[in-house]
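Visitor:
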Amino acid sequence: MADDAAPEDLGELCGNFLCGTYGLSGGVQIGTCTNRWYDKLQIIVCANGAAGINFEHTGVDGHTVLRYAADIFTEGLMLLARSINPKAPVMFKAKLSPHAKASRVKPGPDDSEPEPLDPSPKKLEWELSNTLLTGIRFAETRLSDLICQNDCKALEFTGYGANFIKTHGFSPDAFVQMAFQAAYFGLYGRTECTYEPAMTKAFLHGRTEAIRTVQPSSVNFTRTYFSEAPNKEKIQALRNACTAHSKLTKDH
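If you read the sequence shown in this note's numbering, its first letter stands for residue 220, the second for the next number, and so on.
Printed below as a string of structure tokens:
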């Protein structure tokens with residue numbers, strides 16, 4: 220999808236990729252939400268060159284899409300390198316598989332040459348009945364309601380990273396999960412049931428399973444963190460919670 224929008228900050232960019240933008244002009248719905256196939260996997264490129272992916276979750280998981288995007292990005296860099304140095308390697312140079320070769324139909328002596336395919340894009344023209352047009356209008360209304368219920372903000376944390384966390388003997392994953400729970404407790408004064416996806420693609424028909432991240436040790440940490448306890452006790456509570464989370468993840 221090619222968007223006319225050019226989001227100015229990361230939060231606006233995330234909102235455009237997640238929901239699309241919405242607006243009214245002359246009583247007609249406008250915005251990038253009208254330029255989406257929400258039941259497909261689509262690459263979205265904004266007018267300023269920023270790109271992202273919107274996909275329907277039923278058929279594919281985030282790990283798969285992340286690998287897909289990472290491979291495209293890496294291949295783009297490698298092709299750029301090859302344009303400078305023809306001997307530079309590329310990611311995708313696999314030959315046609317034997318199955319694909321076997322499926323090719325060899326032309327017979329009486330077969331004419333196939334017409335060349337026109338690669339230029341063509342606009343799809345739809346023949347819509349009044350019933351469908353009415354349904355589309357109601358769908359636009361429901362879509363705009365859903366978009367207006369979402370507010371996207373993005374945080375790029377640069378204070379420290381995984382290496383700093385590991386240096387102090389914590390698992391980065393467990394550390395971040397405890398940060399989520401502490402932040403929620405600090406805002407609302409309570410702990411809610413949360414989960415973290417666990418990838419099971421290494422198993423037959425595996426996709427993901429849910430790790431229930433709230434445990435007695437994590438609840439104790441959030442309460443201790445926002446108490447008058449000394450810092451040494453808070454750090455020990457965090458360490459206990461992270462250790463329990465890492466064990467839960469390995470045993471899951």
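By construction, the Cβ of each residue, glycine as well, lies at the ideal position given by its N, Cα and C atoms. Note that this is a predicted model, so its numbers are computed, not measured.
Within a Cβ cutoff of 8 Å, which residues of the same chain sit near E275, ignoring the five residues on either side of it in sequence?
Guide: Residue 275 sits at position 56 when you count from the first residue of the sequence shown. For E275, where only same-chain residues beyond five positions count, the Cβ hits under 8 Å are Y257, D258, K259 and L260.
Visitor: Does the CB of L260 have a neighbour CB from chain D at under 7 Å?
Guide: Among the chains in the structure shown there is no chain D, since it carries only a single protein chain.
Visitor: Just curious, the alpha helix (DSSP H) that S244 is in, first and last residue?
Guide: Locating residue 244 in the sequence shown gives position 25, where the first residue counts as 1. Unbroken run through S244 is the beta strand (DSSP E), G242 to S244; no alpha helix (DSSP H).
Visitor: Who does P416 pair with in a DSSP beta bridge?
Guide: Residue numbering aside, residue 416 sits at position 197 when the sequence shown is read from its first letter. In DSSP, P416 forms a bridge with A429.
Visitor: Can you tell me whether DSSP reads V284 as helix, strand or coil?
Guide: For this step, residue 284 is matched to residue 65 along the sequence shown. Of the three classes helix, strand and coil, the one that applies to V284 here is helix, per DSSP.
Visitor: Just to confirm before moving on: does the CB-CB distance between F404 and T462 stay below 7 Å?
Guide: Locating residue 404 in the sequence shown gives position 185, counting from the first residue. Locating residue 462 in the sequence shown gives position 243, counting from the first residue. Not closer than 7 Å, so no.
Visitor: For I303, write down the residues that DSSP places opposite it in a beta bridge.
Guide: Within the sequence shown, the letter at position 84 stands for residue 303. None; I303 has no bridge partner.
Visitor: Exposed or buried, M310, counting other C-beta atoms within 10 Å across all chains shown (16 or more means buried)?
Guide: Within the sequence shown, numbered from 1, the residue matching residue 310 stands at position 91. Around the C-beta of M310, fewer than 16 other C-beta atoms lie within 10 Å, and the residue is accordingly described as exposed.
Visitor: Give every residue of the same chain whose Cβ lies closer than 8 Å to the Cβ of A429, excluding the five residues on either side of it in the sequence, and list them in chain order.
Guide: Along the sequence shown, read from residue 1 onward, the residue named residue 429 stands at position 210. So the list reads Y414, E415, P416 and A417, once near-sequence residues are dropped.
Visitor: With H, G and I counted as helix, E and B as strand and the rest as coil, what does DSSP make of V264?
Guide: As a first step, residue 264 must be located in the sequence shown, where it is residue number 45. Of the three classes helix, strand and coil, the one that applies to V264 here is strand, per DSSP.
Visitor: With distance defined between alpha-carbon atoms, name the residue in H424, A266, N304 and G388 nearest to Q455.
Guide: By one-based count along the sequence shown, residue 455 stands at place 236. It is G388 whose Cα lies nearest to the Cα of Q455.
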